[in-house]
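A.B. asks:
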Amino acid sequence: MQRIFINRDSLSPSYIPKKLPHREEQLKFLLNLFSESIKWKSHLRCIQLVGGVGSGKTATAKRFSEILVKEAEKWKNELRVAYINLRRQGPSRFLIFNAIAEQLTSEISVRGFGPEEILNAVIKFLTSTGKLGLIIVDEVDYHCKRYVKEKIVYDLTRLDETAPNGYSNIIGVIFIARDPKWTKMLDEAELSSLGRIQIKFNPYTSSQLRDILIERCKIAFKPGAVSEEVIDFIADVSSSPPINGDARYALDLLLYSGIVAEQRGSPTIRAEHVRLVHSNLCPTITSEDINELSKKLLYVLFSVAKTLKNLQSPYVHFNDIKSTYQVICETSNIKPVKDLFEALDDLAARGLITIKGFTKIGISGVTTEALLHYIDDVINRIEEII
Ligand SMILES: Nc1ncnc2c1ncn2[C@@H]1O[C@H](COP(=O)(O)OP(=O)(O)OP(=O)(O)O)[C@@H](O)[C@H]1O
Ligand SMILES: [Mg+2]
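Counting in the numbering used here, the sequence shown runs from 274 upward without gaps.
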């Protein structure tokens, strides 16, 4: 029996609450920007959502798209939304456009089509049926840092140009990035079609996080299970360095503290539960980061963590990781990745590890003590998944 939770799922990263405290302005801006597009023929609009880790970009974009779909219905228009996370999606234009086609136009088959043909088929379907499309491209900065040559920004911002009468029926493309300077990686042509409108998502302050936590507690926990002091404590911890206003961390802390409280048979979450979880969670990594890794990358991260732990050192040599990795692959009976350094580079691009050449591979921004806690935590979490 659950003692304190009513709805534990509402604390998972994929849950999008109806109310997003302190993101009302961003939502309003988006709704204004697209208010005409769902009524009558309009040209494609591009917009960027930019802000740090856990500042509500993805949640706001998803909530916005839900509201816009309902608004479009009022005007008897069907709006379809494609959400692509470029960290999870394969890197090539072909895979990305395929995923867009699957979500926008599942009725048609694009098998055997090249990337441009896929987009053309999507536009043809939408314009001939009168349906509208919205594309959300998440973690675009991650993608551009690694695969800028794919030029997806160029293709996605110029969909109207490829449409026969200048209207693609794709009303907008929302690009989401952590790094405000991500556009520096683009060329002139891409920049000019992308435009420069950025909606900023500042890190949450302690009192903003408090409001977010209070709202979520109403959905997730039985009344009285989380005291105000505990909420204040989580909000304070999550708004200070090194976490700096990450709502995901605050919600993770709330979830795991709830689990600890329940395991200990306590009817309420107490500050000591939060403290325990906080000392074991690593601020620079969240359960979402881990969940979205492919099995292959999980094993690589696991090997880095094991090597750091075995050698009790903040940095280790590539060769040490390689030997650990080989042993882990053999004992787990999995096929090693072709290029281990490339896989480590990917983990570095995701901000999970740091690489300074072959000799210094580690995890930055944490003390050795916190690092060891962190590694244990990573190993536990990875073992749960593996
Ligand atoms: N204003 C808010 N109200 C309620 N929940 C929020 C709010 N902002 C963020 N969250 C929650 O915090 C978590 C992180 O938010 P989100 O995924 O939108 O962050 P993000 O800005 O996309 O971060 P990242 O760059 O790391 O992907 C999600 O579970 C989300 O539901
Ligand atoms: Mg996000």
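A virtual CB, placed ideally from N, CA and C, is assigned to each residue, including glycine.
Around the Cβ of W455, are there at least 16 other Cβ atoms within 10 angstroms (buried) or fewer (exposed)?
C.D. replies: So W455 ends up on the buried side.
A.B. asks: So, do the region 510 to 523 and the region 461 to 472 have three or more beta carbon pairs nearer to each other than 8 Å?
C.D. replies: No: the two stretches stay apart, fewer than three of their Cβ pairs being nearer than 8 Å.
A.B. asks: Please report how far the alpha carbon of L486 lies from the alpha carbon of L526, in whole angstroms.
C.D. replies: Approximately 11 Å, taken between the alpha carbons.
A.B. asks: Can you find the residues in the same chain that come closer than 6 Å, C-beta to C-beta, to F575, ignoring five residues on each side of it along the sequence?
C.D. replies: Only I655 meet the Cβ criterion.
A.B. asks: For ligand 2, which residues count as neighbours when the test is a C-beta closer than 7 Å to any heavy atom?
C.D. replies: Any residue whose Cβ sits closer than 7 Å to a heavy atom of ligand 2 makes the list: K330, T331, D411, E412 and I449.
A.B. asks: Using a threshold of 8 Å, is the CB atom of L584 nearer than that to any non-hydrogen atom of ligand 4?
C.D. replies: What this structure holds is ligand 1 and ligand 2, not ligand 4.
A.B. asks: Quick check: what's the CA-CA separation for Y598 versus P609?
C.D. replies: Those two C-alpha atoms are separated by around 8 Å.
A.B. asks: T627 bridges to which residues according to DSSP?
C.D. replies: According to DSSP, which records beta bridges pairwise, T627 is partnered with G635.
A.B. asks: Helix, strand or coil for A450? Go by DSSP, reduced to three states.
C.D. replies: Three-state DSSP puts A450 in a strand.
A.B. asks: Let me check one thing: in DSSP terms, what residues is N358 bridge-paired to?
C.D. replies: Looking at the DSSP assignment, N358 forms a beta bridge with D411.
A.B. asks: Closest to F614 by C-alpha separation, out of N606, Y529, D593 and I607, would be which residue?
C.D. replies: It is D593.
A.B. asks: Can you find a CB in chain C that lies within less than 9 Å of the CB of A508?
C.D. replies: Absence of chain C from the displayed structure is noted, only one protein chain being present.
A.B. asks: Whole-angstrom Cβ separation of V503 and V547, contact assumed at under 8 Å?
C.D. replies: V503 to V547, Cβ: 6 Å. Contact.
A.B. asks: Out of curiosity, what's the CA-to-CA distance linking F301 and R318?
C.D. replies: Strictly speaking, residue 301 in this sequence is Lys, with Phe absent from that position. So the two alpha carbons sit approximately 16 Å from each other.
A.B. asks: Could you tell me the boundaries of the alpha helix (DSSP H) in which I396 lies?
C.D. replies: That run of the alpha helix (DSSP H) goes P388 to T402.
A.B. asks: Assuming E344 contacts I311 (C-beta within less than 8 Å), just tell me the rounded distance between them.
C.D. replies: Right, their Cβ atoms sit about 6 Å apart.
A.B. asks: Do the region 442 to 452 and the region 387 to 406 meet, that is, are 3 or more Cβ pairs less than 8 Å apart?
C.D. replies: Yes, since at least three Cβ pairs between the region 442 to 452 and the region 387 to 406 fall closer than 8 Å, the two stretches touch.
A.B. asks: Would you report the Cα separation of A372 and E501, rounded to the nearest angstrom?
C.D. replies: Cα to Cα, the separation comes out at about 43 Å.
A.B. asks: To the nearest angstrom, report how far apart M458 and I470 are at their CA atoms.
C.D. replies: Their Cα atoms are separated by approximately 16 Å.
A.B. asks: What three-state label does DSSP hand I532 in the structure shown?
C.D. replies: I532 falls in the helix class under three-state DSSP.
A.B. asks: From E351 to V326, what distance separates their C-alpha atoms?
C.D. replies: Roughly 32 Å separates the two Cα atoms.
A.B. asks: Quick check: the region 350 to 364 against the region 408 to 427, are at least 3 beta-carbon pairs closer than 8 Å?
C.D. replies: Short answer: they touch.
A.B. asks: Return helix, strand or coil for Y588, following the three-state DSSP convention.
C.D. replies: Strand at Y588.
A.B. asks: What residues in its chain sit with their C-beta under 7 Å from that of L549, if we drop five residues either side in the sequence?
C.D. replies: Closer than 7 Å at the Cβ level, and outside the excluded window around L549, lie V533.
A.B. asks: Locate the alpha helix (DSSP H) running through F614, then write down its first and last residues.
C.D. replies: Segment L613 to A622, the alpha helix (DSSP H) holding F614.
A.B. asks: How far does the alpha helix (DSSP H) with F474 in it extend, from its first residue to its last?
C.D. replies: That residue, F474, is in no alpha helix (DSSP H); its beta strand (DSSP E) goes Q471 to F474.
A.B. asks: Quick one: Cα of R366 to Cα of N517, how far?
C.D. replies: Using only the alpha carbons, I get a separation of about 34 Å.
A.B. asks: What I want to know is whether the C-beta of F474 ends up closer than 8 Å to one or more non-hydrogen atoms of ligand 1.
C.D. replies: F474: yes, Cβ under 8 Å from ligand 1.
A.B. asks: Return yes when the Cβ of L625 is within less than 9 Å of the Cβ of I634, no when it is not.
C.D. replies: Contact flag unset, no.
A.B. asks: Measuring straight from C-alpha to C-alpha, what distance separates I369 and D433?
C.D. replies: So the two alpha carbons sit approximately 18 Å from each other.
A.B. asks: Is the distance from the Cβ of K495 to the Cβ of R281 below 9 Å?
C.D. replies: Their beta carbons are not under 9 Å apart, which means K495 does not touch R281 by this criterion.
A.B. asks: Measuring only the C-alpha atoms, how far is L617 from T331?
C.D. replies: Using only the alpha carbons, I get a separation of about 26 Å.
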